[in-house]
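Number of protein chains: 2
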Amino acid sequence: MTPSSPSAARFLDACFGRAVDRPPVWMMRQAGRYLPEYREVRRDVSFLHLCRSPDLAAEVSLQPFRRFQPDGVIFFSDILVPIAAMGAKVEFGDAGPHLPEPLRSASDVVRLQRFDPSEAVAFTGEILRTIAREVGGRAAVLGFCGAPWTLASYLVEGGGSRSFAVIKEMAARDPQTLERLLSLLADVAADVLSYQIASGAQAVQLFDTWAGELDAEEYRRWALPAVSRAIAGIRRGPAGAPVIVYINGCGHLVEAMAESGADVLSIDWRLPLSVARRRAPRLALQGNLDPAHLLGTPERVAQRTAAMLAETGGEAHVANLGHGILPGSRLECVTAFFDAVRAPARIGAGAIPA
Amino acid sequence: MTPSSPSAARFLDACFGRAVDRPPVWMMRQAGRYLPEYREVRRDVSFLHLCRSPDLAAEVSLQPFRRFQPDGVIFFSDILVPIAAMGAKVEFGDAGPHLPEPLRSASDVVRLQRFDPSEAVAFTGEILRTIAREVGGRAAVLGFCGAPWTLASYLVEGGGSRSFAVIKEMAARDPQTLERLLSLLADVAADVLSYQIASGAQAVQLFDTWAGELDAEEYRRWALPAVSRAIAGIRRGPAGAPVIVYINGCGHLVEAMAESGADVLSIDWRLPLSVARRRAPRLALQGNLDPAHLLGTPERVAQRTAAMLAETGGEAHVANLGHGILPGSRLECVTAFFDAVRAPARIGAGAIPA
Numbered sequence: 009m010t011p012s013s014p015s016a017a018r019f020l021d022a023c024f025g026r027a028v029d030r031p032p033v034w035m036m037r038q039a040g041r042y043l044p045e046y047r048e049v050r051r052d053v054s055f056l057h058l059c060r061s062p063d064l065a066a067e068v069s070l071q072p073f074r075r076f077q078p079d080g081v082i083f084f085s086d087i088l089v090p091i092a093a094m095g096a097k098v099e100f101g102d103a104g105p106h107l108p109e110p111l112r113s114a115s116d117v118v119r120l121q122r123f124d125p126s127e128a129v130a131f132t133g134e135i136l137r138t139i140a141r142e143v144g145g146r147a148a149v150l151g152f153c154g155a156p157w158t159l160a161s162y163l164v165e166g167g168g169s170r171s172f173a174v175i176k177e178m179a180a181r182d183p184q185t186l187e188r189l190l191s192l193l194a195d196v197a198a199d200v201l202s203y204q205i206a207s208g209a210q211a212v213q214l215f216d217t218w219a220g221e222l223d224a225e226e227y228r229r230w231a232l233p234a235v236s237r238a239i240a241g242i243r244r245g246p247a248g249a250p251v252i253v254y255i256n257g258c259g260h261l262v263e264a265m266a267e268s269g270a271d272v273l274s275i276d277w278r279l280p281l282s283v284a285r286r287r288a289p290r291l292a293l294q295g296n297l298d299p300a301h302l303l304g305t306p307e308r309v310a311q312r313t314a315a316m317l318a319e320t321g322g323e324a325h326v327a328n329l330g331h332g333i334l335p336g337s338r339l340e341c342v343t344a345f346f347d348a349v350r351a352p353a354r355i356g357a358g359a360i361p362a
Numbered sequence: 009m010t011p012s013s014p015s016a017a018r019f020l021d022a023c024f025g026r027a028v029d030r031p032p033v034w035m036m037r038q039a040g041r042y043l044p045e046y047r048e049v050r051r052d053v054s055f056l057h058l059c060r061s062p063d064l065a066a067e068v069s070l071q072p073f074r075r076f077q078p079d080g081v082i083f084f085s086d087i088l089v090p091i092a093a094m095g096a097k098v099e100f101g102d103a104g105p106h107l108p109e110p111l112r113s114a115s116d117v118v119r120l121q122r123f124d125p126s127e128a129v130a131f132t133g134e135i136l137r138t139i140a141r142e143v144g145g146r147a148a149v150l151g152f153c154g155a156p157w158t159l160a161s162y163l164v165e166g167g168g169s170r171s172f173a174v175i176k177e178m179a180a181r182d183p184q185t186l187e188r189l190l191s192l193l194a195d196v197a198a199d200v201l202s203y204q205i206a207s208g209a210q211a212v213q214l215f216d217t218w219a220g221e222l223d224a225e226e227y228r229r230w231a232l233p234a235v236s237r238a239i240a241g242i243r244r245g246p247a248g249a250p251v252i253v254y255i256n257g258c259g260h261l262v263e264a265m266a267e268s269g270a271d272v273l274s275i276d277w278r279l280p281l282s283v284a285r286r287r288a289p290r291l292a293l294q295g296n297l298d299p300a301h302l303l304g305t306p307e308r309v310a311q312r313t314a315a316m317l318a319e320t321g322g323e324a325h326v327a328n329l330g331h332g333i334l335p336g337s338r339l340e341c342v343t344a345f346f347d348a349v350r351a352p353a354r355i356g357a358g359a360i361p362a
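Shown next, in the form of structure tokens:
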């Protein structure tokens, strides 16, 4: 898994804070509905079927690679795939995922099982091996998993939530059950990510999307120990696959996130990266263009992307969006985003000699 | 409207940063479903009917006052009431408000009208006059309105949203339409709040709940000028009704919020008030207990409320939640919250002489 080409090496070097020619770049949820070729595949198959079909899932993972040549290629899947493998019922509808039997008590936790990813989700390994073969070092292959707090939120709330009232009530009134659940999910995340690394993932991202709902004290009590346990549990090989942690709305949590053991903090669009850098000076950063800009104009995307790069000077920075790309994103804006990272000289006054 | 009792005076003094015996306290959305007496009233009438019935609306506004004696009594209404008065169709369902004909173009804006609150929403004035009479200075009477960005989000998105993709796309691709809409909404908010103040409101709050989705640059471009215009437009009488501005997820916006002309910044639960104070040292603060704590235990509520008060030392601080109270909140936790603000000596080691 040693990177054999500039792109994969650039990605890994940036994650570890080593010098690079320019920041690597990819987009969260880059295999998705904004791409006509993705919608074409999805016309004939359900979301879950797509996740579980290695050839199709590898194909949609590679679609953005062929179109935009990002420096990272994430495999197509869903953060609830491991939840389903644990034995929870998961339904994917148009309004997002729904868990018809939400977890509410200790006995519900007991019914969930840790599993061997090479058996229960062998299709994910197959997708990653196919991508690694096709990409051939021209980009880093990326694995991912939901972080324990975010997976627990889905399980306990039964889907998305505005207030996270049910899991917060459990935290206050039945802490043992929530602790048991988070420990189990941390072990599952470690198992899943270790298997992904063994299957070809060169870096992995833990999505703790919803941990930003917690204040720093509650984050340190619940989400942080669980994500730290997951990271510690990853069998990090000699190549040391870097671990990226993402939280949406992480502005109040940067210092705490930095204690998770992650190599890279993935920052949402609201926190300037220069502020994140000051508060977590020893770690690489990922992010953080507001994905909504990709609904706008290429000119503005170029401008805001250049401003984002100026926040870090391009050092120890994996250029990305601050959240997943939105379905209505315009292809010319996506191109402008990649171009702005790859050819900053073309932006603004770059043609004027210094 | 000069405050004639300690409670109303305490509220206004804290808003202006004057010395108080203890911080005043109330709760956002304190007239609501967590109260059995509210559910009793709501059993027989629809939400909209309740908003428009002065006697019933005054009654539910006073319910939390009778039970908990907060220092502020906010009148019962909904932030979409002015939107409906402008001529937009608004439906209130169990899943939140829905606007079946979302605003998408300049011609949609033209169809919305500024209105005279003393005619179109005269019921709000009647509610406020009733409350002012009943409360008789034993608490400050509070008015409120949605801030322009948040009202525009409802109008353009057609209801709640996760990504705010439609309004952000409008900002990028049709800025003139959005500017016109925000100006109109700023004038409407000023009209509405001026009428509320004339009807007995002693302080008013602008809810810019969703402005936290914007990064600081976009906030300064869109939401801040509009809320500033609304505040400047309020006919602030000799008593100078203080203006409170609330944003959910305001951590990255405190400095900008402080430039709005508001007297009080209402901070969500994620940002420690000591940090907010450092970043906006000249303004009073409101907040900021995580409302989810009221689903938990009274002991923990007392502990976290004491910690919140320690963040400001009780100076220039209106104690409140960091967001609206949740429907499943426990009455014993609400009592613990009010008690912890009113009688801090009873908490922890307060009985030990200094």
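In the order they appear, the protein sequences are chains A and B.
In this text, residue positions in the first sequence follow our numbering: the first is 9, and each later residue adds one.
In this text, residue positions in the second sequence follow our numbering: the first is 9, and each later residue adds one.
For every residue, glycine included, the Cβ atom is placed at its ideal position computed from N, Cα and C.
Treat the numbers as computed from the prediction; the structure is a model and nothing was measured.
query: Using the Cα positions of A:Lys176 and A:Ile333, report the straight-line distance between them to the nearest angstrom.; result: 28 Å
query: I'd like to know whether the C-beta atoms of A:Leu64 and A:Glu142 end up nearer to each other than 7 Å.; result: no
query: To which residues of the same chain is B:Phe345 closer than 7 Å at the C-beta, ignoring the five residues directly before and after it?; result: Leu297, Leu302, Val309, Thr313
query: Between the C-alpha atoms of A:Ala22 and B:Asp124, what's the straight-line distance to the nearest angstrom?; result: 59 Å
query: What residue from A:Val49, A:Ala160, A:Ile139, A:Glu48 has the CA that sits closest to A:Ala92's CA?; result: A:Ala160
query: So is A:Ala310 in contact with chain B if we call contact Cβ pairs under 7 Å?; result: no
query: Whose CA, out of A:Leu293, A:Met265, A:Ala96, lies closest to the CA of A:Trp277?; result: A:Leu293
query: How about B:Ser268 and B:Val235: do their beta carbons lie closer than 7 Å?; result: yes
query: Per DSSP, what kind of secondary structure is A:Ser69 in: helix, strand or coil?; result: helix
query: With 7 Å as the threshold, decide whether the Cβ of B:Ala173 is near any Cβ in chain A.; result: yes
query: Determine the chain B residues that contact A:Ala16 at a beta-carbon separation under 8 Å, and present them in chain order.; result: Neighbours of A:Ala16 on chain B: none; closest Cβ ~31 Å, over 8 Å.
query: Output, in sequence order along the chain, the residues in the stretch 258 to 286 of chain A whose CB is closer than 7 Å to any CB in chain B.; result: Gly259, His260, Trp277, Arg278, Leu279
query: B:Tyr213: buried (16+ other C-beta within 10 angstroms of its C-beta) or exposed?; result: Residue 213 of chain B is actually Gln in this sequence, not Tyr. B:Gln213 is buried by the Cβ-count criterion.
query: Which whole-angstrom value is the C-beta distance of B:Leu193 and B:Pro250, which I expect to be below 8 Å?; result: 21 Å between Cβ atoms; not a contact.
query: Between B:Tyr46 and B:Val68, is the Cβ-Cβ spacing less than 7 Å?; result: yes
query: Do you know offhand how far B:Met265's Cα is from A:Leu150's?; result: 39 Å
query: Looking only at C-alpha atoms, which of B:Gly208, B:Trp218, B:Ser126, B:Leu279 sits nearest to B:Gly168?; result: B:Trp218
query: Does the stretch 171 to 189 of chain A come into contact with the stretch 220 to 238 of chain A, if we say contact requires no fewer than three beta-carbon pairs (one atom in each stretch) closer than 8 Å?; result: yes
query: Relative to the alpha-carbon of A:Ser54, which residue among A:Gly101, A:Glu225, A:Gly257 has its alpha-carbon at the smallest distance?; result: A:Gly101
query: Got a sec: is the Cβ-Cβ distance from A:Leu20 to anything in chain B below 7 Å?; result: no
query: Give the residues from the stretch 157 to 190 of chain B that approach chain A closer than 8 Å (Cβ to any Cβ), ordered along the chain.; result: Gly168, Arg170, Ser171, Phe172, Ala173, Lys176, Glu177, Ala179, Ala180, Arg181
query: Since A:Leu334 meets chain B, which of its residues come closer than 7 Å, beta carbon to beta carbon?; result: Ser171, Ala173
query: Would a check of beta-carbon distances place B:Ala327 closer than 7 Å to chain A?; result: no
query: Return the CA-CA distance between A:Phe84 and A:Gly208, expressed in angstroms with no decimal places.; result: 14 Å
query: Do you know offhand how far B:Ala27's Cα is from A:Asp216's?; result: 43 Å
query: A:Ala128 to A:Val200, Cα distance in whole Å?; result: 10 Å
query: Verify the CB distance criterion: does B:Gly304 have a CB-CB separation below 7 Å to chain C?; result: Protein chains in the displayed structure are A and B, and chain C is not among them.
query: Would you kindly check if the distance between the Cβ of B:Ile239 and the Cβ of B:Ser274 is under 7 Å?; result: no
query: Assign A:Ser15 to one of two classes, buried (16 or more other C-beta atoms within 10 Å of its C-beta) or exposed (fewer than that).; result: buried
query: Comparing alpha-carbon positions, which option in A:Gly257, A:Leu281, A:Ala66, A:Arg237 lies nearest A:Ala224?; result: A:Gly257
query: Pop quiz: A:Tyr203 and A:Ser126 are said to be a contact at Cβ under 8 Å. What is the actual Cβ separation, rounded to whole angstroms?; result: 6 Å
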